[in-house]
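Here is the structure we will look at, set down as structure tokens.
Residue numbers (full-length UniProt numbering): 1 to 240.
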């Protein structure tokens, strides 16, 4: 699988499962021009922050409504919705991660990145990130997230149509008045500035590839943690 790179950066292989190589996507984010606007100018006028994030630049806590078990570690996942390697990661690890989060054995935090947008001059990751957070307002972030990663376009930069994006919301269980609110949220780009802020914050923290996973603040080495069972073992080891 070819890596997505920009600015001559290096790429780091990440292995998930037998014979599955995930290559990091590297980008320099400062001053990125997105369809004629810089990231500093913002995607929209809204400064809305989702309820499950503490503020601009902070990750989205996917299981904020779950009571965590004593000593449960934080699992930070940095993903780009257009990233094929992230889709492979989700295919291998996603179900296990969701189960652990639902059981309160981890605090699951997603950081939505937009590296591929910067590489190819589009806004697909930004807009899908906004749509995912809009789905969170209906309590459907995780289901929407999973729908998107089950339908990552084969061609980099291809993105999704408005109809496809709405279908992801419907399939995730957003309906009725909640679907109307989701549509308005998407059209108004309510959380686009928040998504941009998570990209900028993670880049400043040195997270320039996707997928990147931190367990209790330490980067997970997927050459060592290559299966879902191994990830569970690592999480158990990080539980205080």
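Ideal placement from N, C-alpha and C gives every residue a C-beta, glycine not left out. Since the structure is predicted, the reported quantities are computational estimates derived from the model, not experimental observations.
What is the C-beta distance between residue i and residue j, in whole angstroms, given that I count them as a contact (C-beta under 8 angstroms)?
i           : j           : result
residue 207 : residue 106 : 19 angstroms between Cβ atoms; not a contact.
residue 96  : residue 232 : 6 angstroms
residue 102 : residue 66  : 6 angstroms
residue 135 : residue 92  : Not quite, the Cβ-Cβ distance comes to about 23 angstroms (not below 8 angstroms), so this is no contact.
residue 60  : residue 115 : No, residue 60 and residue 115 are not in contact; Cβ-Cβ is about 17 angstroms, not under 8 angstroms.
residue 144 : residue 169 : 6 angstroms
residue 46  : residue 188 : 7 angstroms
Out of the options, point me to the one whose CA is closest to residue i's CA.
i           : options           : result
residue 241 : 230, 195, 238     : Given a span of 1 to 240 for the chain in the structure shown, any question on residue 241 remains unanswerable.
residue 83  : 233, 66, 120, 177 : 120
residue 57  : 93, 238, 100, 204 : 204
residue 126 : 94, 68, 138, 157  : 157
residue 88  : 176, 240, 152     : 152
residue 122 : 159, 230, 176     : 159
residue 228 : 155, 46, 90       : 90
residue 78  : 124, 70, 109      : 109
residue 81  : 131, 51, 104      : 131
Can you pull the DSSP bridge partners for residue i?
i           : result
residue 77  : 110, 213
residue 61  : 109
residue 219 : 214
State the Cα-Cα distance for the pair residue i and residue j, rounded to the nearest angstrom.
i           : j           : result
residue 43  : residue 193 : Note that residue 43 scores a pLDDT of 46, beneath 50, so its modelled location is shaky; the value from the coordinates is reported in the next line. Cα-Cα distance, rounded: 5 angstroms.
residue 113 : residue 86  : 11 angstroms
residue 184 : residue 178 : 10 angstroms
residue 62  : residue 201 : 18 angstroms
residue 25  : residue 210 : Low per-residue confidence applies at residue 25: pLDDT is 36, beneath 50, and the placement is therefore not dependable enough to give any value.
residue 129 : residue 98  : 19 angstroms
residue 186 : residue 137 : 11 angstroms
residue 171 : residue 225 : 32 angstroms
residue 190 : residue 240 : 38 angstroms
residue 68  : residue 100 : 10 angstroms
residue 111 : residue 53  : 10 angstroms
residue 237 : residue 55  : 30 angstroms
residue 139 : residue 155 : 30 angstroms
residue 39  : residue 199 : Caution is warranted here: a pLDDT of 36 is assigned to residue 39, below 50, making its placement in the model unreliable, and the coordinate value is therefore given only provisionally. Each residue's Cα considered, the two are about 9 angstroms apart.
residue 70  : residue 64  : 15 angstroms
Point to revise | Sufficient close CB pairs (3 or more, under 8 angstroms) joining the region 74–81 to the region 207–219 | key: Yes, the region 74–81 is in contact with the region 207–219.
Review point. When the Cβ atoms of the region 135–154 are set against those of the region 163–183, are three or more pairs found closer than 8 angstroms?
Key: Flag = yes, the region 135–154 and the region 163–183 touch.
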